[in-house]
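>
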Amino acid sequence: MVSGRTTQKDTQKEKFVFLYDTTLRDGTQRKGLSLSLEDKLKIAYLLDKFGVSYIEGGWPGSNPKDMEFFKRLSKNPPKNATVVAFGSTRRVGIKPCDDLNLRALLEAGTKAVALVGKASTLHVTEVLGTDLQENLNMIADSVAYMKEHGKEVIFDAEHFFDGYRANPEYALQTVKTAADAGADWVVLCDTNGGSLPGWVSQVVSRVFAEVGDKVGVHVHNDGELAVANSLAAVEAGARHVQGTVNGYGERCGNANLISIVPNLQLKMGYTCVSDASIKLLTEVSRTVSEIANLNPDTHAPYVGASAFAHKGGLHVAAVEKLTSSYEHIDPSVVGNTRQIVVSELSGRGNIRMLATDLGVRISGSEANVLGQVKELEGKGYQFEDAEGTVELMMRRCNPQYSAPFEKLDMMVVVSDRVATGMTAEAVVKLRVNGETVHTAAEGGGPVHALDQALRKALLPAYPQLHEVRLADYKVRILDPDQATDATTRVVIEAACGEERWSTVGCSQNIIEASRQALMDALELFLLRQEERSAESSLSEKGSKGAVDVAVDVAVDVARSKAVNVPANAASNKAADKANKATKVSPNAAVNVAANVSTKLTASVTGKVVTKQEVVA
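Residues 610 to 1225 in the working numbering are what the sequence shown spells out, letter by letter.
Quick look at the structure:
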């Protein structure tokens, strides 16, 4: 660093950390990960939007796809990030101008290039098969050659931390040689991923004293310390951090930029991206997972679906009062959301908070729902991945609940005939809108046949079910020691457009478990649609009309309670009035009316409530 008086501008510069993303090169070395050219372009533009400083696109000398990537990207370059082509120092015994790898780097046409070179005496003599001085010459020649062609040069000192442990003076000599030849950054690599934070901090401090603020780090995660080592390096003076989205990379992966960024920016006072970009963190992580066709890590810090999930009753009770009691940051800061999990470990607060998140009114029914959850989990049900079933429990506790359909009878037959092969047929008898519907349908399997039969019975009354599709179907055997008599849990994920919801069934009969989950999925969709239609109808009548209907319903229910009229009779009367006023179903009309009038259950005992009192 420059000696003398430190200005505010200098301080701001010292607190900025340059992010170097190598997902498109080092990340693709992960087993099971492969990106097409189009995939790489999508990720590159996403990273640019997020605000990384450098995007390493690949090794143009190694394959045609990477060369085409740089060609395509040059026609529509990123708006903010610097694109980097990766390669190695010249080969032993030849001039830079004769090295095909270096030529390919120039042909890539990028503003910056990354050159990897050896910083370990072991690798120089045993892997490269050359002497220590020739390795230094290779570094100096290659960096100088690229600088002569106007390139920004990032020198990656491979195996630096292990090399420094074996021969500190030679390891230092490699990065000083690169810096003296004009390298803009010298990046210390923990290539084997086995270093500890204290060692990383010590070594980075020594290098920083030699070359100043040109120091960067590239860390692997073999000891599960890549993020910690990267943060330690920054505290020791590094201002350039390399990593990948979600930590993708060879063996155990690379340093995870998705964790590094919020730690640096939200907790350590450094700047990596804009405040607005921090809110994109979860989106970036999940989008890259989707493009790479890899399942997101639901327990990933900051961005995982369970990163802010609360299950224990005591925890939820505390979070309900003060979110910071069990959350280290506000999840919305990184674009994530809080999740309240309902299970046998829950308390009433879990039910109450989940109902609020779902927009379901359950005042006074928390204990009822919680009791059902605990009883059913004792029988093998699990609701952590089946929030839709819990929502149905809540809705069914509403006195105004009316089932859109009911099962009367069901039969599923699977046959294997010589002429037709394996076939499945389902016969269902339902009550739909007061009428009995009896249908049958065939399918490729018993669950498919059941799905087809249910839809055949319901579609005439509910044509909107055409929009619902089965997105996922999971089966788990709970007690395999019971062999074919084992209890089976089925979780169904249904979808309509972008909306998804999951329901669960459990039985010794896999068809019955599937039937439970499938019927619950369809019913929940219909109840939600019914409620939305009611809200839309009330909205069309104008706010005054909506309030009038809500008040009328509230008054009727309140008056009935005051004179001890049974709740069912009160709700039915209210439903009839709301239905006539809004032209929607009684069930939905009363739900909407209850949402509009928050005083529905207030001050009703022992007195007659007037419309004026409710409005007030």
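For every residue, glycine included, the Cβ atom is placed at its ideal position computed from N, Cα and C.
Measuring straight from C-alpha to C-alpha, what distance separates ALA766 and SER839?
Whole-angstrom Cα-Cα distance: 15 Å.
> Within 10 angstroms of the Cβ of ALA1092, are there 16 or more other Cβ atoms? Answer buried if so, exposed if not.
Result: exposed.
> Once you ignore the five residues that flank LYS1153 on each side, which residues in its own chain have a CB closer than 8 Å to its CB?
Annotation note: pLDDT 47 at LYS1153 (below 50); position unreliable, coordinate value reported separately. Taken in chain order, the list of residues that qualify is empty.
> Assuming VAL736 and VAL784 make a contact with CB atoms under 8 Å, what is their CB distance in whole Å?
That pair is no contact at about 19 Å.
> Could you tell me the boundaries of the alpha helix (DSSP H) in which GLY1053 lies?
Unbroken run through GLY1053: none, as it is neither H nor E.
> Would you kindly check if the distance between the Cβ of THR1045 and the Cβ of LEU1067 is under 9 Å?
Not a contact, by the Cβ cut-off of 9 Å.
> Quick check on the DSSP output: the alpha helix (DSSP H) that includes SER898 runs from which residue to which?
Looking at the DSSP string, the run of the alpha helix (DSSP H) that includes SER898 is 890-900.
> When the Cα atoms are used, what is the spatial distance from HIS1232 to SER952?
Residue 1232 is absent from the structure shown; the chain starts at 610 and stops at 1225.
> Run through DSSP, which three-state label would ASP831 get?
Three-state result, ASP831: coil.
> Considering PHE764, what are the terminal residues of the beta strand (DSSP E) in which it resides?
From DSSP, the beta strand (DSSP E) with PHE764 extends over 761-767.
> Hey, could you find the ends of the alpha helix (DSSP H) TYR654 is sitting in?
Residues 646-659.
> Taking a contact to mean a Cβ-Cβ separation below 9 Å, would you say GLY696 touches LEU682 in this structure?
The answer is no: Cβ separation not under 9 Å.
> Since GLY825 sits in a beta bridge, which residues does DSSP pair it with?
BP columns for GLY825 point to VAL796, HIS849.
> Would you kindly report the start and end of the unbroken alpha helix (DSSP H) that includes VAL736?
Here VAL736 belongs to no alpha helix (DSSP H), and DSSP marks it neither H nor E.
> Spatial neighbours of GLN725 within its chain, please: CB distance less than 6 Å, with the 5 preceding and 5 following residues excluded, ordered by chain position.
The sequence given here places Val at residue 725; Gln does not occur at that position. Excluding sequence neighbours, VAL725 sits near SER697, ASP765, GLU767.
> Between the C-alpha atoms of ASN801 and ASP831, what's the straight-line distance to the nearest angstrom?
If I take the Cα positions, the gap works out to 7 Å.
> Sorted by chain position, which residues of the same chain lie with C-beta nearer than 6 Å to VAL809's C-beta, five sequence neighbours on each side aside?
Hits under 6 Å: ASN838, ALA841, ALA842.
> Below 9 Å between beta carbons: does that hold for ALA790 and VAL752?
In this structure, VAL752 lies closer than 9 Å to ALA790 by Cβ.
> Considering only C-alpha positions, which residue in the set VAL816, LEU628, VAL982, ALA864 is nearest to GLU996?
Minimum Cα distance to GLU996 is reached at VAL982.
> Comparing C-alpha positions only, which one of GLN782, VAL912, ALA792, LEU1059 sits nearest to GLU761?
GLU761 has its Cα closest to that of ALA792, out of GLN782, VAL912, ALA792, LEU1059.
> Taking GLY956 as part of the alpha helix (DSSP H), name the residues at either end of that continuous run.
No alpha helix (DSSP H) contains GLY956, which DSSP labels as neither H nor E.
> Which residue's Cα is closest to the Cα of ILE960: HIS924, GLU899, GLY989?
For ILE960, the nearest C-alpha among the options comes from HIS924.
> Tell me MET1019's beta-bridge partners as DSSP assigns them.
Answer is VAL1037, bridged to MET1019.
> From VAL796 to GLY641, what distance separates their C-alpha atoms?
Each residue's alpha carbon lies about 27 Å from the other.
> Count Cβ pairs between the region 1112-1129 and the region 1093-1102 that sit closer than 8 Å; are there 3 or more?
Output reads yes: the region 1093-1102 touches the region 1112-1129.
> Considering only the beta carbon of each residue, do GLY660 and ASN685 sit closer than 9 Å?
The answer is no: Cβ separation not under 9 Å.
> How about VAL1021 and ILE1120: are their beta carbons less than 9 Å apart?
Yes; because the gap between Cβ atoms is below 9 Å, this pair is in contact.
> Is the region 983-1003 touching the region 961-971, taking contact as three or more C-beta pairs under 8 Å?
The region 983-1003 vs the region 961-971: in contact.
> Find the nearest neighbour of PHE1014 within the set GLY666, MET1031, CYS861, PRO1069, judged by alpha-carbon distance.
Looking at the Cα atoms, PRO1069 is the closest of the given residues.
> Which one of PHE817, VAL812, ALA1122 has the shortest CA to CA distance from TYR1082?
Taking only the C-alpha atoms, the option nearest TYR1082 is ALA1122.
> I need the DSSP call for MET877, collapsed to helix, strand or coil.
In this structure, MET877 counts as coil in the three-state DSSP scheme.
> My parser needs the beta strand (DSSP E) runs of 3 or more residues fully inside the region 971-1030; what are they?
Taking only runs of at least 3 residues, the beta strand (DSSP E) segments lying wholly in the region 971-1030 are 1014-1026.
> Apart from the five residues on each side of it in sequence, which residues of its chain come closer than 7 Å, Cβ to Cβ, to ARG639?
Cβ within range, chain order: TYR857, GLY858, GLU859, GLY862.
> Quickly, what does DSSP pair TRP668 with across the bridge? List them, please.
Partner(s): none; TRP668 has no beta bridge.
> Return the CA-CA distance between SER729 and ARG634, expressed in angstroms with no decimal places.
Computed Cα separation, rounded: 23 Å.
> Give me the DSSP bridge partner(s) of SER1111.
DSSP output for SER1111 lists GLU1102 as bridge partner(s).
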